[in-house]
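To keep things clear, I will list the structure first and then write my remarks on it.
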Amino acid sequence: MDNKIIRNVVVFIVVVILSGWIGVLVDSVLTEQPKGDSPGMGIWLVTPMLAAITMTIFSKGNWNDLGFKPNFKRNIKWYFIAALVFPVVTSIVLIIGVITDWIDLSTLDLRPFILVFSSTLLFNFIKNIFDGTPLFSYLTPKLVKLNFNDWKIYLTVGSVWGIWHLPYFLVFLPETDIQAVLPVSRAITIIIMIITMILWSVMFIELYRVTKSIWPGVVLHMVEDSLINPLVISGFISIAAGKEILISPIIGIITSILYLLIGLGIRTYRIQASRKTVNSE
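Position 236 (the sequence shown) corresponds to 236 in full-length UniProt numbering; numbering is contiguous.
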């Protein structure tokens, strides 16, 4: 194994995990900060990307690993797929929920929902350049070079993504938002969300690996935040008590299984495409 790569991976993961707690410390000094929009939350959000860029500069790393190029050629279909994944899966989940009487759509008013969805796209696009993206782009290629197999990559990146969110779930996120998603304690929410992120990370990682670009993943994440968060948190749908863990568009088991299957499907495509390339050479 390359000791330089190991060092960079360890330093990067440590910086990522500590970034949120540094943000919490800053907010504790700068009192009376707005909830959900504080300097500390900003530090938490942007530090991983800044760390990835800084480490690439000083270690003279490969800028292509960061995936800043859109690589539109041969990848347009993946941009469309990224834009459609969450609407399609969410529709399937809602249909299952209605059939089983686990989800009530009587409060779903499409006009204001579409307005909320469309009005948050730009903000979420910018935000998601930072949210998780450095893990999928900077960290994933390093783990590949360290000969991690796909399953270890998913587990490592997904776990770091989840642990990075600890300050968010424990401090930054309002209690009302947590209760709207799953009416349990923050501790249980954290466990469920970390597992969810590990499962969802397969889709984000594979989308990056098949396109060599961060931008399809940013589009994917943008649509997610603009679609399912207001759908659940803003009360556009109602989920039967006790069924959230099964059918919630955010943390439901059924939902996560569907996203895992999509991620594994992209993985299968990537492997087959790689074999075809090797055979044609």
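All residues carry an ideal CB built from backbone N, CA and C; glycine is no exception.
Is it true that the segment 56-73 meets the segment 180-187, where meeting means three or more beta-carbon pairs spaced less than 8 Å apart? no
Taking the C-alpha atoms as reference points, what is the distance between V202 and Y154? 6 Å
Residue range of the unbroken alpha helix (DSSP H) whose run includes S201: First-last of the alpha helix (DSSP H) with S201: R186 to T211.
Please report the distance separating the alpha-carbon of residue 301 from that of S38. No statement about residue 301 is possible, as the shown extent of the chain runs from 1 to 281 and does not include it.
Segment contact flag, the segment 126-144 with the segment 259-266, C-beta cutoff 8 Å, min 3 pairs: no
Alpha-carbon spacing of residue 336 relative to P134, whole angstroms: For residue 336 there is no data in the structure shown, the boundaries of the chain being 1 and 281.
For I250, three-class secondary structure by DSSP: coil
Only counting runs of 4 or more residues, tell me where the alpha helix (DSSP H) segments fall wholly within the segment 110-140, in order along the chain. Counting only unbroken stretches of 4 or more residues, the alpha helix (DSSP H) elements lying wholly within the segment 110-140 are 110-127, in sequence order.
Thinking D27 and N124 are a contact (beta carbons under 8 Å), I'd like their distance in whole angstroms, please. The Cβ separation is near 22 Å, so there is no contact.
Endpoints, alpha helix (DSSP H) assigned at F80: I76 to I99
Out of N3, I22 and D2, point me to the one whose CA is closest to V171's CA. Nearest option by C-alpha distance: I22.
Between P48 and S91, is the Cβ-Cβ spacing less than 8 Å? no
Beta-carbon proximity of V93 to T196, cut-off 8 Å: No Cβ-Cβ contact shorter than 8 Å links V93 with T196.
By the three-class DSSP mapping on this structure, what secondary structure does S238 have? strand
On a CA-only basis, which of I271, T277 and V15 is nearest D150? Give me that one, please. When only C-alpha atoms are compared, the closest one is I271.
Are at least three pairs of beta-carbons, each pair with one atom in the segment 157-166 and one in the segment 209-226, less than 8 Å apart? no
Expected contact under 8 Å - CB spacing of V116 and P230 to nearest Å: 5 Å
For I17, which three-state DSSP category applies? helix
Three-state secondary structure (DSSP) at I271? helix
Alpha-carbon spacing of R209 relative to E32, whole angstroms: 42 Å
With distances taken from CA atoms, which of T100, T56 and Y79 is nearest I239? T100
Please list, in chain order, all residues of the same chain as M41 whose beta carbon is under 8 Å from its beta carbon, the five residues on each side excluded. G23, D27, Y168 and F172
Just tell me which of G158, L122 and T54 has its CA closest to the CA of L143. G158
Output yes or no for whether 8 Å exceeds the beta carbon distance between V214 and F68. In the sequence as displayed, the identity of residue 214 is Ile instead of Val. For I214 and F68, yes; Cβs fall inside 8 Å.
Whole angstroms are fine: how far does the CA of L146 sit from the CA of L105? C-alpha of L105 to C-alpha of L146: approximately 48 Å in a straight line.
Since I believe T107 is in contact with G235 (beta carbons under 8 Å), could you give me their beta-carbon distance rounded to a whole number of angstroms? 7 Å
Mapping DSSP to helix, strand and coil, what is I103? I103: strand per DSSP, three-state reduction.
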